């Protein structure tokens, strides 16, 4: 099957129906030992220093791994993707685009999906067949999410296992089997709940050690906002592919995204959230709105090129969680 | 409300130059005491595996809780005292003294500077000077000595500061002497000293934009520096007990979290 690189989560159902093997370029970039080389490759080829490391990493990963076709999201995600696609084109990579319309109207989303289906030459029925197939596996992500709430799965497992739903780790059936094994393994564990219940907001972090670091401070991310969206937890409630992609949150307006965040904060009884922003990303400005709208302590951290937390960010997280523990304990005493 | 609030709490902040002691009862301060750090360890402490503070000698009796913080982790390890880190102590002190929940705290002590962002009552960002004391109390003391004026009167001058370029406290002294030799007025020299310290704080401050700045530490008493800071923040508030802020924070911690 032909490989197709992705710049973020897209309607995989269409690509699978068209016989593609989707590969999320973010994932091959960030988990690679050569992640720094991918960024370097992009900078050597002229990408500016003052540009998000993800865009550069995606570029490097695509070129270095010989990906010949890419589907990029040009609306609702990173606006730099438009130019990235043009650069790919100049590198003789076949490009396609998809947009999550800012209007967030079901008609506009239907138009985008129909356009993609027509372009990929697949029928609605073929797409729905794939949707039903994937949604059965997506239920496993919900299972893992519940295991995190129960105190069995770690915050990192919650993060990484849901994150990989953006491309089913390159092989749908193999990933489904892998999830079964993971669920079985996690289920056998003894419950280990942490003192602080934390939420993670924003795009997945550059730093792979963040989730484990908070666990050393007796905290756990029991909600990973965008990663959870990658796994489409509400997919079973949607009547068709159009509704499913209408119900996706973070690529549309902030209010729609906030509704679900607020609901999760309440249901999961979170003590605080950590909002991750990427250096040079427009989403950092959304921090203003998140802080205004969410009635919960928020720590904002920023990542750039490094895939590990720097000492200063660690100190900030430590100081924040330390005082949060004081606050939580005193509330318990005063109850 | 927790019973402990009715008890007597001692908070000790072991600074690099001075040890600050606060005793509270029913959340009210009943004693403030400041001792030079050398004298504190020499005259009021014994060492037996851990440092034991002779509270009786300090005139403090019948305390229910003791909390300490200070310069360097080892120094805070007093027997019978619950140690807390100094960022936390200063933030709790500022929360207790200001009643605010969202602000930037600038603490300028004898040898170090701390700047902390507080949102919804929690620390969300912080930075410390980690190199030298060129923008701390020690610098002002040295420069006041060179000018042969008391530290307190030095802080009155903010207008038309003479330009002092050096980023180093030692070189600044010789630069100041040069300016004295040029016959520049005392007012301008004093303002120049204050402004040079403010300008060394600025790189730290630019990373901490916000509306409300709360200033603590001994240097908070420098009126000129406070004047300069007013151009960077909508509101600049000096704590009533700026030097005792860390010790007050220790008591606040004891009142609310133990």
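Chains as they are written, first to last, in UniProt numbering: chain B, 1 to 335; chain P, 1 to 258. Here a beta-carbon is modelled for each residue, glycine too, at the ideal position from N, C-alpha and C. Treat the numbers as computed from the prediction; the structure is a model and nothing was measured.
Item	Value
Report the partner residues of residue 321/B according to the DSSP bridge assignment.	Answer is none; residue 321/B lacks a bridge partner.
Quick one: which residues of the stretch 101-118 of chain B get their C-beta closer than 9 Å to a C-beta of chain P? List them in chain order.	none
Can you tell me whether residue 280/B is helix, strand or coil according to DSSP?	coil
Could you tell me whether the stretch 41-51 of chain B touches the stretch 15-30 of chain B, where touching means 3 or more Cβ pairs closer than 8 Å?	no
Below 8 Å, can you find three or more Cβ-Cβ pairs linking the stretch 224-231 of chain P to the stretch 147-157 of chain P?	yes
Using only CA atoms, which one of 220/B, 10/B, 152/B, 170/B lies nearest to residue 191/B?	152/B
Can you tell which of 234/B, 321/B, 237/B has the C-alpha that lies nearest to the C-alpha of residue 273/B?	321/B
Is there a Cβ from chain P that is less than 8 Å from the Cβ of residue 329/B?	yes
Determine the burial state of residue 275/B: buried for a count of at least 16 other Cβ atoms within 10 Å of its Cβ, exposed for fewer.	buried
On the three-state DSSP scale, how would you describe residue 60/P?	coil
Please report the Cβ distance between residue 242/B and residue 224/B, rounded to the nearest whole angstrom; I am assuming they are in contact, meaning their Cβ atoms lie under 8 Å.	Between residue 224/B and residue 242/B the Cβ distance is about 26 Å, and since that is not below 8 Å, they are no contact.
Measure the CB-CB distance between residue 245/P and residue 216/P and report whether it falls below 8 Å.	yes
What does DSSP give as the partner residues of residue 29/B in its beta bridges?	According to DSSP, which records beta bridges pairwise, residue 29/B is partnered with nothing at all.
When the Cα of residue 212/P is compared with those of 98/P, 82/P, 18/P, 185/P, which residue comes out closest?	98/P
List the whole-angstrom C-beta distance separating residue 120/P from residue 101/P, where the pair is believed to meet the contact cut-off of C-beta under 8 Å.	6 Å
Quick one: any contact between the stretch 204-217 of chain B and the stretch 173-189 of chain B, if contact means 3 or more CB pairs under 8 Å?	no
Compare the Cα-Cα distances from residue 42/P to each of 18/P, 27/P, 137/P, 31/P and report the closest residue.	18/P
Output needed for residue 82/B: all residues of its chain with C-beta closer than 7 Å, excluding positions within five of it in sequence on either side, in chain order.	74
Within 8 Å (strictly less), CB to CB, does residue 284/B reach chain P?	no
Which of helix, strand or coil does DSSP assign to residue 187/P?	helix
What are the uninterrupted segments assigned as alpha helix (DSSP H) that are 4 or more residues long and contained completely in the stretch 66-140 of chain B, given in chain order?	81-90, 106-120
For residue 145/P, report the span of its beta strand (DSSP E) as first-last.	Per DSSP, residue 145/P belongs to no beta strand (DSSP E); it is in the alpha helix (DSSP H), 137-147.
Does chain P have any CB closer than 8 Å to the CB of residue 277/B?	no
In this structure, how does DSSP classify residue 233/P when only helix, strand and coil are distinguished?	coil
Please list the partners that residue 205/B has in chain P, where partner means a Cβ-to-Cβ separation under 7 Å.	Ordered by position in chain P, no residue passes the 7 Å Cβ test against residue 205/B, which lies about 17 Å from the chain.
Let me know the secondary structure DSSP gives residue 192/B once reduced to three states.	coil
So, under 8 Å CB-CB, residue 87/B and residue 144/B are touching, yes? Tell me the CB distance rounded to an integer number of Å.	Incorrect: roughly 36 Å between the Cβ atoms, too far for contact.
How many Å lie between residue 115/B and residue 76/B at the Cα?	17 Å
Determine which residues share a DSSP beta bridge with residue 251/P and list them.	Answer is none; residue 251/P lacks a bridge partner.
Can you tell which of 12/B, 239/B, 164/B, 61/B has the C-alpha that lies nearest to the C-alpha of residue 33/B?	61/B
Hey, quick one: how far does the beta strand (DSSP E) through residue 221/B stretch, first residue to last?	219-224
If we ignore side chains and look at the alpha-carbon of each, how far apart do residue 1/B and residue 290/B end up?	42 Å
Can you find a C-beta in chain A that's less than 8 Å from the C-beta of residue 310/B?	The structure shown contains no chain A; its protein chains are B and P.
Within 10 angstroms of the Cβ of residue 86/P, are there 16 or more other Cβ atoms? Answer buried if so, exposed if not.	buried
Identify the continuous beta strand (DSSP E) that holds residue 103/P and give its terminal residues.	103-108
Would residue 297/B count as contacting chain P if we go by Cβ distances under 8 Å?	yes
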